[in-house]
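Take a look at the structure set out below.
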Amino acid sequence: MTDLNTWLFRIRETSQFLGEVAFYHTELRRSRQRKRVEDDQFLSSFKLNSSIELVCDEIEEVDVLNNDELQVDFTPLFEALHIHDALGQSQEFRSQYATTRRQQKDLLLPNSVDLAADDETSLSSLLEGIAGFAIIEKATMRRAPYLRSAMDVEELWESMCSAAINLTSKAINDISNAEVLLKIKGVVALFIQTMEGWGYSISTLNDFLLALFDKYAELLKRRFSEDFQEIVSTDDYMPMAINSKEEYEKVINVSWYAQDQLTEELKFPSVLPFSQMYPLCCIDIRNFLNQFYFFSDDHFEHSDAIDDTLKRSLDELLTEKVCKSLVERLSSQYLGQIVQILINLEHFEMACRELEHLLVRARSSISTSDPLRLNATEEFRLHKKTAEKRIFELVNSKIDDLVDTAEYDWLSTSTMSEPSNYMQTLTRYLSNIMNSTLLGLPREIKELIYFDALSHAANKILALPLSPDVKHINAFGVAALAQDVQYLTEFVSSLENGPMLKENLDELQQTINLMQSDNFDEFFDISTRNKKYGRVDAMNGPLLLEKLTPVAQTTGPLSNLSSRFAMMK
Numbered sequence: 002m003t004d005l006n007t008w009l010f011r012i013r014e015t016s017q018f019l020g021e022v023a024f025y026h027t028e029l030r031r032s033r034q035r036k037r038v039e040d041d042q043f044l045s046s047f048k049l050n051s052s053i054e055l056v057c058d059e060i061e062e063v064d065v066l067n068n069d070e071l072q073v074d075f076t077p078l079f080e081a082l083h084i085h086d087a088l089g090q091s092q093e094f095r096s097q098y099a100t101t102r103r104q105q106k107d108l109l110l111p112n113s114v115d116l117a118a119d120d121e122t123s124l125s126s127l128l129e130g131i132a133g134f135a136i137i138e139k140a141t142m143r144r145a146p147y148l149r150s151a152m153d154v155e156e157l158w159e160s161m162c163s164a165a166i167n168l169t170s171k172a173i174n175d176i177s178n179a180e181v182l183l184k185i186k187g188v189v190a191l192f193i194q195t196m197e198g199w200g201y202s203i204s205t206l207n208d209f210l211l212a213l214f215d216k217y218a219e220l221l222k223r224r225f226s227e228d229f230q231e232i233v234s235t236d237d238y239m240p241m242a243i244n245s246k247e248e249y250e251k252v253i254n255v256s257w258y259a260q261d262q263l264t265e266e267l268k269f270p271s272v273l274p275f276s277q278m279y280p281l282c283c284i285d286i287r288n289f290l291n292q293f294y295f296f297s298d299d300h301f302e303h304s305d306a307i308d309d310t311l312k313r314s315l316d317e318l319l320t321e322k323v324c325k326s327l328v329e330r331l332s333s334q335y336l337g338q339i340v341q342i343l344i345n346l347e348h349f350e351m352a353c354r355e356l357e358h359l360l361v362r363a364r365s366s367i368s369t370s371d372p373l374r375l376n377a378t379e380e381f382r383l384h385k386k387t388a389e390k391r392i393f394e395l396v397n398s399k400i401d402d403l404v405d406t407a408e409y410d411w412l413s414t415s416t417m418s419e420p421s422n423y424m425q426t427l428t429r430y431l432s433n434i435m436n437s438t439l440l441g442l443p444r445e446i447k448e449l450i451y452f453d454a455l456s457h458a459a460n461k462i463l464a465l466p467l468s469p470d471v472k473h474i475n476a477f478g479v480a481a482l483a484q485d486v487q488y489l490t491e492f493v494s495s496l497e498n499g500p501m502l503k504e505n506l507d508e509l510q511q512t513i514n515l516m517q518s519d520n521f522d523e524f525f526d527i528s529t530r531n532k533k534y535g536r537v538d539a540m541n542g543p544l545l546l547e548k549l550t551p552v553a554q555t556t557g558p559l560s561n562l563s564s565r566f567a568m569m570k
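Here the sequence shown stands for residues 2 to 570, numbered as in the numbering used here.
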């Protein structure tokens, strides 16, 4: 028995080193399998411990119990077993041996493991010890099945796994660094692959990896959430300046961007339509994806969990931290910033569509043919409309401010020599925003903004003579308004797509024509009105005609105007 006790003591002391040797050779198998996959992609679908991998690695197989680093001799155990069998005490020996191994198992497990110091040594030591202990058990069972039953061995194994999982779970509660969790996963995965090769059940450990992944995903999301928040909040919301070809290529390589020119055709310095936040977010998105897929390296049975969690987390980050933050900034009064936000939203929508395709291609699960949709794609698309509406609001508000400065003398006694100051300022403002502030927008959006702005301006100008405060209007007052409308019409005609844009001024122009007409009865004749005054409001027309007042007879060039208005009396 002395020899047996010595042997039991030695294998207890040897367990961790045996586990370390086993881990080392598993790592070598990993390297050999990676090399085989590089040489033949067909082998990429066969994992460690698969039948194909075992056959391929058969020539390299090493006995971890008998090698250059370690030799475990079972002779003392067999001798003791033979003696007790001869004495008819095999059952007592079996019971005593089982008790001793349970005691050794308890001594193997510490009260805690330290994982907070960015050092997985404590966990590695624990798992190496468990691995060595379990390998001895499995080897003993194979050599002496009547001494150690499969049930005994599995019971000890499950007990050690549960203890290791509980210790590790408590320790990771204090971890806030995703990289530390990734290292922990690496150690646990090495342990799983090693013990799977010895025929142990690894389902409990695989479930633990899933819980570890959930924690890892949460830490990643928290970290990247802070990154996105900082990027959005510190952006200058100006088109991104590019000073060199090298800088341009760096930005293009990390961003989802459809180039409209070849790099060779560009002249530097240049500008890109989006602001700096867009490529910075693209870099973070790519890093976020890579960090997620790092977890599936070497061993992770729940690949569908990565696909689902990644989609959900990415959706949440893009929706809550990027899109929502951009929308919150639409309250700005600065038109240039709103325009830049709209351009950024446009590019983020495009990035989301590219990400949908990328995520499908990168899926680990079998259902790769299923379509994938990010909610963020629709969010960015919808809030482009929100940004457009905000641009309409700001432009129309500025138009309101300018038209409100109009100072028409509706009962003037003379003609105006030039357009009103407000009208000149208004057309200058419209020209400036189209040629500078709105320049980076897609053509269809610019046209829509201009269309809405001109329509709003026309309605605002038409509201001036319709104001209840305006009781009477004479020919000079109408002429002043007509001169301004003509100035506005000429300005619109000079624009690209001018004929279509001029349609916004039809009601205003026809109303002026009516007020300057020699025959107001035409307005009340339906057939004539539809031809000449079809855009004039049926209520506003009569209201304005009632306000018309003749001017005193003069010998000036507008003396004939008085006779027109006299017809109303």
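C-beta atoms are modelled at their ideal positions from N, C-alpha and C, and glycine is treated no differently. Nothing here was measured: the structure is a model prediction, and the numbers come from that model.
{"Check": "In terms of residue numbering, what span does the beta strand (DSSP E) encompassing V272 cover?", "Outcome": "271-273"}
{"Check": "In this structure, does DSSP put N174 in helix, strand or coil?", "Outcome": "coil"}
{"Check": "When burial is assigned at 16 or more other CB atoms within 10 Å of the CB, is S368 buried or exposed?", "Outcome": "Caution is warranted here: a pLDDT of 48 is assigned to S368, below 50, making its placement in the model unreliable, and the coordinate value is therefore given only provisionally. Exposed, because fewer than 16 other Cβ atoms sit within 10 Å of the Cβ of S368."}
{"Check": "In whole angstroms, give me the CA-to-CA distance for E508 and F289.", "Outcome": "55 angstroms"}
{"Check": "DSSP on S368, reduced to helix/strand/coil?", "Outcome": "Per-residue confidence for S368 stands at a pLDDT of 48, beneath the threshold of 50, marking its modelled position as unreliable; the derived number appears in the next sentence. It is coil, neither helix nor strand."}
{"Check": "Spatial neighbours of F521 within its chain, please: C-beta separation below 6 angstroms, excluding the five flanking residues on both sides.", "Outcome": "L546"}
{"Check": "Which runs of the alpha helix (DSSP H) at least 4 residues long sit entirely within the stretch 318-381? Give them in chain order.", "Outcome": "325-329, 336-363"}
{"Check": "From P500 to P466, what distance separates their C-alpha atoms?", "Outcome": "26 angstroms"}
{"Check": "To the nearest angstrom, report how far apart E129 and N67 are at their CA atoms.", "Outcome": "17 angstroms"}
{"Check": "Output the distance between the C-alpha atoms of R33 and D69, rounded to the nearest integer angstrom.", "Outcome": "20 angstroms"}
{"Check": "Please list the terminal residues of the continuous beta strand (DSSP E) segment that includes A242.", "Outcome": "241-243"}
{"Check": "Using CA atoms only, rank isn't needed, just tell me which of L343, S113, V479, E379 is closest to N167.", "Outcome": "S113"}
{"Check": "Measuring straight from C-alpha to C-alpha, what distance separates M278 and R313?", "Outcome": "22 angstroms"}
{"Check": "According to DSSP, is E194 helix, strand or coil?", "Outcome": "Contrary to the premise, residue 194 reads as Gln rather than Glu in this sequence. Note: Q194 maps to helix in three-state DSSP."}
{"Check": "Is the Cβ-Cβ distance between T426 and N376 less than 9 angstroms?", "Outcome": "no"}
{"Check": "Going by alpha carbons, who is nearest to L124 out of L88, K171, W158, H83?", "Outcome": "K171"}
{"Check": "Looking at the secondary structure, which residues open and close the alpha helix (DSSP H) in which T101 lies?", "Outcome": "91-109"}
{"Check": "Between A81 and the rest of its own chain, which residues show a CB-CB distance below 6 angstroms, the 5 nearest in sequence each way excluded?", "Outcome": "L5"}
{"Check": "Rounded to a whole number of angstroms, what is the C-alpha to C-alpha distance between I185 and K385?", "Outcome": "43 angstroms"}
{"Check": "What number of angstroms, rounded off, separates the C-alpha of E357 from the C-alpha of Q292?", "Outcome": "18 angstroms"}
{"Check": "Quick check: the Cα distance between P372 and R364, rounded to an integer number of angstroms?", "Outcome": "11 angstroms"}
{"Check": "What would DSSP say about F18, mapped onto helix, strand or coil?", "Outcome": "helix"}
{"Check": "What's the call for L9, buried or exposed, on a 16-neighbour Cβ count within 10 Å?", "Outcome": "buried"}
{"Check": "With contact counted as at least three CB pairs below 8 angstroms, one residue from each stretch, are the stretch 535-544 and the stretch 469-488 in contact?", "Outcome": "no"}
{"Check": "Is N68 helix, strand or coil when you go by DSSP?", "Outcome": "coil"}
{"Check": "In this structure, what does DSSP give as the bridge partners for I474?", "Outcome": "L549"}
{"Check": "Whose C-beta lies closer than 6 angstroms to the C-beta of V252 among residues of the same chain, with five residues either side of it excluded?", "Outcome": "P280"}
{"Check": "Is R536 helix, strand or coil by DSSP?", "Outcome": "coil"}
{"Check": "Looking at L116: is its Cβ nearer than 9 angstroms to the Cβ of I173?", "Outcome": "yes"}
{"Check": "Let me make sure I understand the geometry here. Which of I131, S297, V188, Y98 has the alpha-carbon closest to that of E14?", "Outcome": "I131"}
{"Check": "Does the stretch 252-269 touch the stretch 215-225, meaning 3 or more C-beta pairs lie closer than 8 angstroms?", "Outcome": "no"}
{"Check": "Restricting to Cα atoms, I'd like to know which of D228, M196, V188 is closest to I284.", "Outcome": "D228"}
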